[in-house]
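**Q** One structure is given below, represented as structure tokens, and several questions about it will come after.
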Amino acid sequence: MNKIGDSELILNADGSVYHLHLKPENIAENIIVVGDQGRVEMVSKYFDKIEFKVQSREFVTHTGTFNGKRVTALSTGIGTDNIDIVMNELDAAVNIDLVNRVPKTTHTALNVVRIGTSGALQGDIPVDSFVLSTHGLGMDGLLNFYDVDSINDVALEQAFIAHTNWNKRFNHPYFVEGSQELINKLAPGKHLGITATACGFYGPQGRVLRLPLQMNDLNEKLTSFNYNGQRITNFEMETSALFGLGKLLGHNTATVCTIVANRIRKEFSKDYKTSVDALIQNVLHTLIT
């Protein structure tokens, strides 16, 4: 088996993966990822104990135990480009022999659950409620650089392109389903639906400050899309890459977001930090059983 080159699998002097600064022993099989590095401590404060901490750039990791079981909390920063780093390096740490630079003969499947904040695209989803993603709708383009034919929901993709009259200047959209096992486990008490993943916060999510948009009715078309009862519930910036890379690499992934804004009602949460904290506790108690 050919070794993976130094320029492709970059390691630090201590043998840890390049951006995350993690070694295999630093990572639990149950991982909670958050965008904001400040939220890592919001998760780990509920751990029984913290055995390991590291920070590299925006990537903060705390690994410890919750109810006696090992768990990792990790910040990804914003956007699918960072998810590309996080998922590839987590997988490398557990599924590549970092000393000999070859894939391991046995595969380790991680459970990676994203806890995030999001904007609702449906009027009946109130602020401070929780949305569990059944699929990620990728409008970001990242997964198009990988071989995604085996995981892309082509029927959803084609229906979406036809419904929106998709602008050819935009990235080609794709749909990837989350882990059904994790969805079943996390579903109680949450709204379920397709999560649209954008490549930016302003124009790509239909916000207008001083710049005109290519597609002024994008949000309306997202809201009105319905395919066999499946609708687009919310907007954020990470889920499509998380689900896509997770499936390609053989990991279980899920996203649960607290709704901080309702784009239809033009409402914003008055106390979203309390809502985020409630979601963290909910996911910890549901995931780590």
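Oh and the sequence shown: position 288 is 344 in the numbering used here, straight run, nothing missing.
The C-beta atom is built at its ideal place from N, Cα and C for all residues, glycine as well.
(1) If distances are taken between C-alpha atoms only, which option among V169, N68 and T164 comes closest to K241?
(2) Can you check whether the CB of L301 is closer than 8 Å to the CB of I88?
(3) Taking only runs of the alpha helix (DSSP H) that begin and end inside the region 89-138, which ones reach a length of at least 4 residues, in chain order?
(4) What do you get for I66, buried or exposed, if any count of 16 or more other CB atoms within 10 angstroms of its CB means buried?
(5) Which residues bound the alpha helix (DSSP H) around A297?
(6) Enumerated in chain order, which unbroken segments of the beta strand (DSSP E) with a length of 3 residues or greater are wholly contained in the region 132-208?
(7) Alpha carbon to alpha carbon, how far is V187 from N282? Give it in angstroms, no decimals.
(8) Look up I336 in the DSSP assignment and say whether it is helix, strand or coil.
(9) Does DSSP classify V312 as helix, strand or coil?
(10) Would K303 be called buried (16 or more neighbouring beta carbons within 10 Å of its own) or exposed?
(11) Is F324 helix, strand or coil when you go by DSSP?
(12) Going by other Cβ atoms of all chains shown within 10 Å of its Cβ, with 16 needed for buried, is E81 buried or exposed?
(13) Going by the beta-carbon positions, is the gap between D180 and T314 smaller than 8 Å?
(14) Cα-Cα, which of L335, Q337, I320 and V316 is closest to D327?
(15) D104: which of K125, Q93, G91 and A84 sits nearest, CA to CA?
(16) State the start and end residues of the unbroken beta strand (DSSP E) segment that holds Q286.
(17) How is the alpha helix (DSSP H) around H247 delimited, first residue to last?
(18) How far does the alpha helix (DSSP H) with A213 in it reach, from first residue to last?
(19) Just the Cα atoms here: how many angstroms apart are T162 and S112?
(20) Can you pull the DSSP bridge partners for A317?
(21) Select from V150, I60 and L212 the residue whose C-alpha is nearest the C-alpha of T190.
(22) Are G197 and F299 closer than 8 Å when you measure CB to CB?
(23) Given a cut-off of 8 Å on the beta-carbon distance, is the pair T128 and T117 in contact?
(24) Using the DSSP secondary-structure output, state which residues sit across from Y230 in a beta bridge.
(25) DSSP three-state label for L76, please.
(26) Where DSSP assigns a beta bridge to Y283, which residues make up the other side?
(27) Using beta-carbon positions only, say whether L177 and R321 come within less than 8 Å of one another.
**A** Walking through what the data contain:
(1) Considering only alpha carbons, the answer is V169.
(2) no
(3) Counting only runs of 4 or more residues that sit fully inside the region 89-138, the alpha helix (DSSP H) segments are 94-100, in chain order.
(4) exposed
(5) T295 to L305
(6) Scanning the region 132-208 for uninterrupted beta strand (DSSP E) segments of 3 residues or longer gives 167-176 and 186-194, listed from N- to C-terminal end.
(7) 17 Å
(8) helix
(9) strand
(10) With 16 or more other Cβ atoms within 10 Å, it is buried.
(11) strand
(12) Flag for E81 reads exposed.
(13) no
(14) V316
(15) K125
(16) Q286 to E292
(17) Unbroken run through H247 is the beta strand (DSSP E), H247 to T253; no alpha helix (DSSP H).
(18) Ala is not the amino acid found at residue 213; the sequence shown has Glu there. Residues V210 to T220.
(19) 29 Å
(20) Bridge pairing for A317: G175 and F324 [DSSP].
(21) L212
(22) With contacts defined as CB atoms closer than 8 Å, G197 and F299 fail to qualify as a contacting pair.
(23) yes
(24) G194
(25) coil
(26) Q286
(27) No; because the gap between Cβ atoms is not below 8 Å, this pair is not in contact.
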